[in-house]
Each structure stands twice: as C-alpha cells, then as structure tokens.
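Peer 1:
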Amino acid sequence: MLEIGSFASGDCQKITRRAFLRAGVAAPFLPLAAWGASAQYVQPRARSVILLWLWGAPSHLDTFDPKPTAPLEYRGPFASIATRTPGVRFAEILPRLAERSHRFVVIRSHRNFDSDHLKAGTIALTGVLEQGFAVAPNFGAIVARQQSRGVLPAFMAIGRGSPRDVVGIMKGYGGGIWGHQYDPVLVHCDPLGQVDIPAFQLLPDLSPAQLQARRQVLQALDRVHRKLDAMAFAQWNALYERAYALLTAPETRRALDLSREPQKVRERYGQTAFGQSCLLARRLVEAGVPYVQVNWSQYVEAMTPNCDFGWDTHIYNFELLADRHGPILDRAFAALLDDLQERGLLSQTLVLCMGEFGRTPRINAQASRDHWPNVYASIWAGAGIEPGRVLGESDRRGEEPLTEPITPPMVGTTILELMGITSEMRSRLGVLPNGRVIHELIG
Amino acid sequence: MGGTEKYPHAAVRCQRHMAAADAPGARSVLARPICLALPVWGTLLAWSGATGAEPVPLTQDGQLKFAPVVLRDGQEIVYSVQTGPALKSLMRLRVAERSVEPLHPAAKTSEFEAAFSPDGRYCAFVQSQGNLNLKLIIRDTLEKRDAVYDPGGGFAGMHNPVFLPAESRILFSMAEGGTQHIFSVNYEGKDRRLVVRGGFNLWPAVSPDGRRLAFGSARDGNFEIYTARLDGSDLKRLTHDGAFDGRPAWSPDGKRIAFVSLRDGNYELYLMDADGTHVRRLTHHPERDDYPCWHPDGKHLVFVGERAGRFDLYLLALEPP
Numbered sequence: 176m177l178e179i180g181s182f183a184s185g186d187c188q189k190i191t192r193r194a195f196l197r198a199g200v201a202a203p204f205l206p207l208a209a210w211g212a213s214a215q216y217v218q219p220r221a222r223s224v225i226l227l228w229l230w231g232a233p234s235h236l237d238t239f240d241p242k243p244t245a246p247l248e249y250r251g252p253f254a255s256i257a258t259r260t261p262g263v264r265f266a267e268i269l270p271r272l273a274e275r276s277h278r279f280v281v282i283r284s285h286r287n288f289d290s291d292h293l294k295a296g297t298i299a300l301t302g303v304l305e306q307g308f309a310v311a312p313n314f315g316a317i318v319a320r321q322q323s324r325g326v327l328p329a330f331m332a333i334g335r336g337s338p339r340d341v342v343g344i345m346k347g348y349g350g351g352i353w354g355h356q357y358d359p360v361l362v363h364c365d366p367l368g369q370v371d372i373p374a375f376q377l378l379p380d381l382s383p384a385q386l387q388a389r390r391q392v393l394q395a396l397d398r399v400h401r402k403l404d405a406m407a408f409a410q411w412n413a414l415y416e417r418a419y420a421l422l423t424a425p426e427t428r429r430a431l432d433l434s435r436e437p438q439k440v441r442e443r444y445g446q447t448a449f450g451q452s453c454l455l456a457r458r459l460v461e462a463g464v465p466y467v468q469v470n471w472s473q474y475v476e477a478m479t480p481n482c483d484f485g486w487d488t489h490i491y492n493f494e495l496l497a498d499r500h501g502p503i504l505d506r507a508f509a510a511l512l513d514d515l516q517e518r519g520l521l522s523q524t525l526v527l528c529m530g531e532f533g534r535t536p537r538i539n540a541q542a543s544r545d546h547w548p549n550v551y552a553s554i555w556a557g558a559g560i561e562p563g564r565v566l567g568e569s570d571r572r573g574e575e576p577l578t579e580p581i582t583p584p585m586v587g588t589t590i591l592e593l594m595g596i597t598s599e600m601r602s603r604l605g606v607l608p609n610g611r612v613i614h615e616l617i618g
Numbered sequence: 003m004g005g006t007e008k009y010p011h012a013a014v015r016c017q018r019h020m021a022a023a024d025a026p027g028a029r030s031v032l033a034r035p036i037c038l039a040l041p042v043w044g045t046l047l048a049w050s051g052a053t054g055a056e057p058v059p060l061t062q063d064g065q066l067k068f069a070p071v072v073l074r075d076g077q078e079i080v081y082s083v084q085t086g087p088a089l090k091s092l093m094r095l096r097v098a099e100r101s102v103e104p105l106h107p108a109a110k111t112s113e114f115e116a117a118f119s120p121d122g123r124y125c126a127f128v129q130s131q132g133n134l135n136l137k138l139i140i141r142d143t144l145e146k147r148d149a150v151y152d153p154g155g156g157f158a159g160m161h162n163p164v165f166l167p168a169e170s171r172i173l174f175s176m177a178e179g180g181t182q183h184i185f186s187v188n189y190e191g192k193d194r195r196l197v198v199r200g201g202f203n204l205w206p207a208v209s210p211d212g213r214r215l216a217f218g219s220a221r222d223g224n225f226e227i228y229t230a231r232l233d234g235s236d237l238k239r240l241t242h243d244g245a246f247d248g249r250p251a252w253s254p255d256g257k258r259i260a261f262v263s264l265r266d267g268n269y270e271l272y273l274m275d276a277d278g279t280h281v282r283r284l285t286h287h288p289e290r291d292d293y294p295c296w297h298p299d300g301k302h303l304v305f306v307g308e309r310a311g312r313f314d315l316y317l318l319a320l321e322p323p
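Chains as they are written, first to last, in this note's numbering: chain P, 176 to 618; chain L, 3 to 323.
This is the structure in structure tokens:
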C-alpha cells in the first residue's frame with residue numbers, strides 16, 4: 176500500500192491514542208523530512224470542497240452502515256434497503272441517497288480518537304487535538320491560506336454560528352494558531368433561503384444599503400469599538416472586514432442571493448435550513464469559493480432548549496432520524512449531488528459528508544445511541560473519487576473497523592492533496608504530518 | 003357525525019374532535035351547539051373535492067410539521083411545527099378562517115405532540131425542559147394548572163401522548179432499560195403503569211370503543227403495526243412487510259386503521275381493515291406523505307404532505323369503505 180508522510184498507516188491500530196495526539200501536537204516543529212520524501216504526487220482534481228458537517232455525530236448503523244444481521248439491540252428498528260451499488264445497503268430512511276450510490280464512495284472504517292464532541296470535532300476538522308491554546312488550523316483554513324482567489328473568501332461556513340455544544344465552542348472551527356484571519360466567513364441561511372451574515376449583527380442600525388457607505392460604516396464601527404474590549408474588537412473586526420468585502424463585492428452578493436435560482440431548483444433541496452444551505456454551497460463553489468463547510472446545526476444537542484437539533488441523539492435516536500434528520504439529509508444531499516452533476520461541477524468539486532464520530536452500536540438505556548469514535552462512516556463524491564464503491568469495513572455489529580482505520584489526518588491529507596496542496600506545501604505550513612492520502616478513493 | 007355516534011367516547015389519537023379548550027376563555031365544545039360545526043365541515047368537504055381527488059392543502063407556510071390532531075368536529079387542527087431554528091411549537095389552525103396561531107403563545111421552549119382529553123379539558127404534550135430531558139405536561143385548561151410526568155434527571159424523553167377514552171389516564175411511549183415501552187399515567191402525571199413492553203413500541207392509538215390499542219413495534223425486527231388489549235394482552239400483528247410501517251390511526255368507526263409506510267420506497271399513507279386485511283395505498287406522490295389523522299366524519303384524513311420541498315397539512319377524501 177502506498178503511503179505518504181511518516182505515518183505508517185498499517186500500524187494505526189497499534190499506536191495509542193496518546194501517541195497519536197502527541198504526534199499531532201508536535202507537527203509544526205517536525206523537520207521537513209517528516210512529511211515524507213516518498214510523497215506520491217496525486218493529480219489535483221478538486222477546484223472546491225463542500226463539507227457537509229453532520230455535527231453531533233450521526234449513527235453509522237442507522238444511516239450508511241446498517242447491520243441487518245446483528246441482534247436487535249444492535250441493529251435497531253430500521254430495515255435496510257438495497258442501494259444502486261450491488262451488495263451495499265443503507266438504512267431505509269435514506270432512499271434517495273441509496274438510489275444515488277453510484278455517485279459516491281462510502282467509507283465505513285473511520286476512527287476518531289476522542290469521544291467528546293468538542294475534542295473529536297477539532298480532531299475531525301484539523302487532524303489534531305487542541306493542546307490548550309494550540310489549535311491546529313481547520314482543513315478549510317489551510318485551503319484558504321494556499322488558495323485565496325480574488326475578492327471571494329476562500330473559506331466559508333454556512334450555519335447559525337461556530338459549531339459548539341451547551342458547554343463551549345469547538346476550537347477547530349477556523350484558523351486556530353494562524354489567527355482569526357483564517358477563520359471561515361460565516362453566513363447563515365434560513366429555510367426560505369434568506370441569507371444573512373452574523374458578523375453584521377453588531378451593526379443592527381445599518382441597512383444593507385448603508386453598509387456600502389463608508390462613512391456610515393466607520394461611525395458604526397466606532398460605536399462597536401466602544402462596546403467591546405480591544406481583543407474582542409480585533410476578533411470581530413477581522414471577521415467583519417472580510418464579511419464587509421463579501422457583501423460589497425457584486426459577485427459574492429450574487430452568489431449569496433438564492434432568489435436568482437429557478438424555483439424548481441430551490442424546491443429540490445427542500446424548504447429547510449440545511450437544504451437551502453446546500454444550495455447556497457453549490458452557488459458559492461460555482462462562484463469560485465474553494466472551501467465551503469455546511470453545518471447541519473450550531474449545537475450538537477438533538478433536543479435541548481435553545482439548541483438547533485443536532486445529531487447527538489442520546490434520546491430519540493430512531494424517532495428523530497426517521498421523522499426529521501433522515502428525510503432532510505436524504506433530500507438535500509441527493510439534490511446537491513444531482514445539481515452538481517447536471518452542472519458539470521461534480522468532477523471538480525470534492526463533496527464530503529461526515530460527523531465527528533459514530534454512535535454506540537449497542538442501544539443505550541434510552542433506546543438510543545451514545546458516542547462511538549471507534550468506527551463510523553462518511554460519504555465522498557466528485558473530484559476524481561471513483562464512485563459506486565464502499566471502502567473499509569466494520570465488524571458485524573459495527574463496533575470496530577475490520578480494515579485499516581481511516582483517521583482524521585488521512586481525511587485532511589486527502590482533501591488537501593486533491594486540492595493541490597502537496598506534502599511539500601503541507602510541510603512548509605507545518606500541518607498534517609501524520610496523514611496519508613486515501614489513495615483507494617481515487618480513480 | 004358518522005362513527006362518533008356509535009362510539010360517543012371516541013378519542014383516538016388522531017380523532018380528538020371534541021375540544022382544544024385550552025385557550026383563555028375557551029369552553030368545552032360539548033357545550034357548543036353542534037350546528038356550529040356543520041358549515042366548517044361543509045367548507046372542508048368543498049375543499050377536499052370528490053373522492054379520489056388530489057389532497058387539498060390546509061396550510062401554506064411550508065414549515066416542517068408533525069403530528070396533527072383534528073378537534074372540534076373539524077373546526078380546528080393542532081399540530082407541531084418547527085417555528086425557528088431551535089424551536090418546535092404547537093400551533094392551532096382554525097379551519098374556517100384558515101388562520102394559524104400558537105396554541106401556547108407564552109411557550110419559550112420546544113413543545114410538541116399534543117393530545118386532548120375527550121371532554122377537551124385536558125391537553126397533554128411533550129415539553130423540552132433540559133439538556134436532552136423532556137417532560138410530559140398535562141394541562142388542565144379549566145383550572146389553568148399543569149401536572150407533570152417527570153421521568154427524572156438525566157437523558158429522558160417520551161412520545162405520542164394519547165388519552166384513554168374511558169379512564170382518566172394518558173398513554174405514551176418512553177424508553178427505559180434499553181427498549182421503548184408504552185406506559186400510562188393518570189391526569190396528575192402519577193401512578194405510572196407499564197402497558198406494552200418488549201422491543202421498540204411507539205405511536206399508541208386507542209380504538210374508539212376504548213377496548214384495544216394499536217401501536218407500532220419493532221419487536222419482530224422492524225417497525226410493524228400491532229394491536230393489543232389495553233392491558234397488553236392478546237397481541238396481534240397486523241402488518242408484515244420488510245419496510246417501516248408506523249403511526250397507526252384508528253378510524254372513528256373503529257373498522258379501519260390508517261398508517262404510514264416506506265414499503266414503496268417513500269413515506270406514503272395506507273389504509274387497512276382493523277384486522278390487518280385489505281391493505282391499500284392511499285397516496286402516490288414522490289415526496290413524503292406522513293402523520294395520518296382522521297377527520298371525525300371518517301371520510302377524510304388530514305396528513306402532513308411534502309410538496310415541492312415544503313411541508314403542509316392536507317385533507318384527503320377517502321373512498322367509501
């Protein structure tokens with residue numbers, strides 16, 4: 176098996192979590208050779224990336240890796256259905272995606288290294304666990320640093336706010352140790368396709384038209400400055416500056432305007448925040464944004480006051496997946512794949528759908544599922560991915576990988592490699608020393 | 003009044019046509035002249051058109067909707083809807099005016115899956131009160147007082163409350179010990195009793211005569227529909243399909259059960275006789291049709307239909323039995 180970098184993937188199951196994390200934290204200080212002189216060149220295929228981030232962690236058994244022959248206390252109450260890929264079955268709540276399995280690859284042997292949402296989320300999106308204030312940059316931030324294009328932000332996130340839970344924020348959401356200038360520009364899209372920019376929420380007294388009048392904006396900024404301390408203002412100002420550029424650039428204003436889409440196209444994605452956000456993501460990559468992360472929710476929690484129905488289904492797992500989450504995901508993701516394909520964009524857009532880990536194969540006392548980082552599933556499509564296949568395998572109860580675990584550093588390395596950010600570039604940036612490209616994905 | 007004359011205490015899950023009298027000043031519909039309902043029914047019938055016609059939309063906002071219940075002889079429909087990014091609310095549709103208003107305007111947290119007692123005095127619903135922790139609220143709209151069934155701290159939640167017509171008790175499903183049971187409590191939220199155990203059991207619906215319970219269960223592998231006596235005995239499996247069958251709704255005359263199934267690859271409405279025979283498909287749409295709920299006339303179903311990616315309430319005229 177070909178490998179890139181210093182991480183001998185065959186040994187992955189043998190290294191301890193602590194060793195893995197140490198290696199990750201040490202990454203910025205490793206010598207260039209650590210990124211591997213034996214790096215194999217992978218033809219960059221992706222012009223853009225769309226990451227559908229299923230925050231809260233969907234159950235792999237109840238979505239893309241059902242276990243129909245496992246005992247009921249493992250397989251759960253959903254039946255499985257055939258997909259378009261011979262021998263591959265999905266949970267019955269995802270019929271549209273099952274019908275489109277020829278467009279993507281399912282990886283069923285992911286492994287993360289922490290069972291806490293915030294930590295696992297950071298690992299999943301940076302490849303590295305944070306160590307205090309030392310937070311590695313998000314994969315999108317790395318892309319943004321290497322591939323900034325004109326006035327368009329290079330890293331955009333669609334959602335209500337940075338991913339978090341009721342306790343705190345997930346640190347790996349943005350630029351990390353590189354600073355807030357590499358954070359994603361956050362836009363929010365509601366079920367009707369109305370887009371707003373949360374960075375402007377501190378300027379409630381300015382209309383969009385006034386935002387283009389520099390003097391009025393400066394006056395408003397001055398008022399904000401007086402409200403915030405210096406550090407908070409600096410952080411907000413960095414976000415604001417890019418958001419301001421976003422709003423005042425005609426091409427990005429066009430990209431953010433979903434009313435320009437034919438009604439039929441908007442309907443395909445469904446009148447849900449996630450559905451319209453997926454459509455917005457397509458418009459953004461079409462306009463040239465290199466990296467777009469669509470957040471299913473801001474909060475992980477599935478059913479908690481003031482939280483926006485994430486995938487953390489410690490209760491109501493089967494009810495929520497059948498009633499709400501499954502149908503919304505199925506419709507929006509299927510529409511995105513079809514739309515990208517029909518526009519000729521799929522071949523140059525890497526589409527990835529995953530959460531931070533899976534959920535316990537054995538059903539818990541609340542007839543639901545808890546956190547399970549040992550194995551979980553993801554979907555990859557476009558940009559040279561050879562579709563219609565399953566990579567990796569979990570055991571008969573969905574508890575452990577039977578094949579080489581696919582780790583977050585591998586995910587990040589593959590994304591970057593497909594975006595043309597080579598091992599040499601990664602070495603110079605000091606990111607992801609331990610990853611290898613998942614060559615098996617690529618046709 | 004169709005089947006409701008035959009079963010004067012009828013209050014099946016999707017046929018609570020008596021009253022939603024929890025609004026300030028509202029009174030039990032039993033005290034209202036019955037003729038008040040007739041123009042509304044006429045309006046509904048006019049909307050729904052002839053048997054076999056396309057379902058008629060009753061709402062137009064397209065918001066994500068769940069679990070409708072028909073009240074006051076069809077004058078009102080109460081349903082759950084996602085009204086904000088982090089909020090599910092109970093809404094009341096006044097059918098004649100086609101106006102929609104919050105059932106509980108002061109609610110600040112998610113509330114959903116409402117059920118109403120046969121006399122309309124009590125409303126039971128699920129309320130989100132903590133981190134993955136939900137309570138069953140039993141609201142006495144006459145005394146303006148809430149009783150709470152509280153399963154305790156930690157992760158817990160219940161589903162699908164429904165009133166028993168002949169007893170002052172409420173059925174609901176709730177997980178405990180790794181499986182999902184059907185329990186009952188009294189109107190004080192106390193005296194919990196286990197009604198149905200074994201596997202995953204959801205969506206209890208009581209027959210109009212109050213003698214049997216229909217529910218969905220995965221006890222034999224995947225979600226199928228069963229009936230049993232109210233003590234859980236005399237279990238009978240009604241559906242036998244490899245796909246999801248759920249949300250049974252008993253017709254007002256007690257002879258038929260509507261349900262939703264994925265057996266044709268999409269959420270569609272089906273109807274069968276109460277013994278599980280004569281299964282027929284009611285809807286044929288590439289999008290989702292779900293949450294069947296009987297109109298008290300027994301000739302129409304209200305359901306949540308997805309059309310062009312939007313979720314609205316629809317009225318469907320049925321073939322005569």
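The beta-carbon is built from N, C-alpha and C at its ideal position, and this holds for glycine as well.
In the structure shown, what three-state DSSP assignment does M160/L receive?
Peer 2: Looking at M160/L - three-state DSSP - the assignment turns out to be strand.
Peer 1: When you compare only the Cα positions, how much space is there between S602/P and G307/P?
Peer 2: Between S602/P and G307/P, the C-alpha separation is close to 23 Å.
Peer 1: CB-CB under 8 Å to R441/P, same chain, minus the five flanking residues each way: which ones, in chain order?
Peer 2: Closer than 8 Å at the Cβ level, and outside the excluded window around R441/P, lie G368, L433, Q451 and L454.
Peer 1: For chain L, find out if any of its Cβ atoms is closer than 7 Å to the Cβ of R571/P; answer yes or no.
Peer 2: Answer no: the Cβ-Cβ gap between R571/P and chain L never drops below 7 Å.
Peer 1: Distance check for P241/P and P273/L, CA to CA, integer angstroms please.
Peer 2: The amino acid at residue 273/L is misidentified as Pro; the sequence shows Leu. One C-alpha to the other measures close to 29 Å.
Peer 1: Is P437/P close to chain L? Criterion is C-beta to C-beta, closer than 7 Å.
Peer 2: Chain L contact via Cβ: absent.
Peer 1: Please report the distance separating the alpha-carbon of G159/L from that of L166/L.
Peer 2: So the two alpha carbons sit approximately 20 Å from each other.
Peer 1: Measuring straight from C-alpha to C-alpha, what distance separates Y249/P and S234/P?
Peer 2: Straight-line Cα distance between these residues: approximately 11 Å.
Peer 1: G300/L and S253/L: beta carbons closer than 7 Å?
Peer 2: Yes, these two residues count as a Cβ contact at 7 Å.
Peer 1: Buried or exposed for Q84/L, please, with buried defined as at least 16 other CB atoms from any protein chain shown within 10 angstroms of its CB.
Peer 2: Classification for Q84/L: buried.
Peer 1: Below 7 Å CB to CB, which residues in the same chain sit around P323/L once its five sequence neighbours on both sides are set aside?
Peer 2: Same-chain partners within the cutoff: K257 and R258.
Peer 1: Let me confirm a value: T244/P is counted as buried when at least 16 other C-beta atoms fall within 10 Å, else exposed. Which label applies?
Peer 2: Classification for T244/P: exposed.
Peer 1: Of the residues G445/P, G595/P, W471/P and G563/P, which one's Cα is nearest the Cα of L226/P?
Peer 2: Out of G445/P, G595/P, W471/P and G563/P, W471/P has the C-alpha closest to the C-alpha of L226/P.
Peer 1: Against chain A, does C482/P count as a neighbour if the rule is that its beta carbon must be under 7 Å from one of theirs?
Peer 2: Checking the listed chains, one finds no chain A in this structure; the protein chains it contains are P and L.
Peer 1: Taking V460/P as part of the alpha helix (DSSP H), name the residues at either end of that continuous run.
Peer 2: Its alpha helix (DSSP H) spans residues A448 to A462.
Peer 1: Is K301/L helix, strand or coil when you go by DSSP?
Peer 2: Three-state result, K301/L: coil.
Peer 1: Among all the DSSP beta bridges, which residues are the ones paired with K137/L?
Peer 2: Q129/L, per the DSSP bridge assignment.
Peer 1: Once DSSP output is grouped into helix, strand and coil, what is the label at H2/L?
Peer 2: A query on residue 2/L cannot be resolved here, the shown segment of chain L reaching from 3 to 323 and no further.
Peer 1: Leaving out five residues on either side along the sequence, give the residues of the same chain with a beta carbon under 7 Å from the beta carbon of A109/L.
Peer 2: For A109/L, where only same-chain residues beyond five positions count, the Cβ hits under 7 Å are S91.
Peer 1: What is the rounded straight-line gap between the Cα of A477/P and the Cα of G231/P?
Peer 2: Those two C-alpha atoms are separated by around 8 Å.
Peer 1: Could you confirm whether any beta carbon from chain P is found closer than 7 Å to the beta carbon of P288/L?
Peer 2: So no, P288/L is outside the interface.
Peer 1: Would you mind reading off the limits of the alpha helix (DSSP H) that contains I298/P?
Peer 2: Start and end: H292 to T301.
Peer 1: List the DSSP bridge partners of E321/L.
Peer 2: Beta-bridge pairing links E321/L to no other residue.
Peer 1: CB-CB under 8 Å to E568/P, same chain, minus the five flanking residues each way: which ones, in chain order?
Peer 2: The residues are R283, S284, P576, L577 and T578.
Peer 1: Apart from the five residues just before and just after A28/L, which ones in its own chain have a Cβ nearer than 6 Å to its Cβ?
Peer 2: Since pLDDT at A28/L reaches only 32, below the 50 mark, its modelled position is unreliable, and the value read off the structure follows with that caveat. Closer than 6 Å at the Cβ level, and outside the excluded window around A28/L, lies no residue.
Peer 1: Measuring CA to CA, which of G519/P, R572/P and P580/P is closest to G557/P?
Peer 2: Considering only alpha carbons, the answer is G519/P.
Peer 1: Nearest-angstrom Cα distance between Q1/L and I79/L?
Peer 2: What is shown of chain L runs 3 to 323, which leaves residue 1/L out entirely.
Peer 1: Using a Cβ-Cβ distance under 7 Å, would P338/P count as near chain L?
Peer 2: So, not an interface residue.
Peer 1: Under 6 Å from any heavy atom of the ligand PLP, does the C-beta of S569/P make it?
Peer 2: Among the components modelled here there is no ligand, and therefore nothing to report on the ligand PLP.
Peer 1: Compare the C-alpha of N133/L against each of C125/L, G154/L, A116/L and D121/L and name the closest.
Peer 2: Among C125/L, G154/L, A116/L and D121/L, the Cα nearest to that of N133/L belongs to G154/L.
Peer 1: Taking C-beta to C-beta, are W486/P and V280/P nearer than 7 Å?
Peer 2: Cβ atoms of W486/P and V280/P: not closer than 7 Å.
Peer 1: Compute the beta-carbon to beta-carbon distance between F118/L and V71/L, rounded to the nearest angstrom, for a pair I have assumed lies under 8 Å.
Peer 2: Confirmed, Cβ separation roughly 7 Å.
Peer 1: Could you tell me the distance, in whole angstroms, from the CA atom of R506/P to the CA atom of N268/L?
Peer 2: Cα-Cα distance, rounded: 12 Å.
Peer 1: Using a Cβ cut-off of 9 Å, pull out every chain L residue sitting near Y348/P, in sequence order please.
Peer 2: Neighbours of Y348/P on chain L: none; closest Cβ ~18 Å, over 9 Å.
Peer 1: Please tell me whether M478/P has its Cβ less than 7 Å away from any Cβ of chain L.
Peer 2: Yes, contact with chain L.
Peer 1: Look up Y228/L in the DSSP assignment and say whether it is helix, strand or coil.
Peer 2: The answer is strand: DSSP assigns Y228/L an E or B state.
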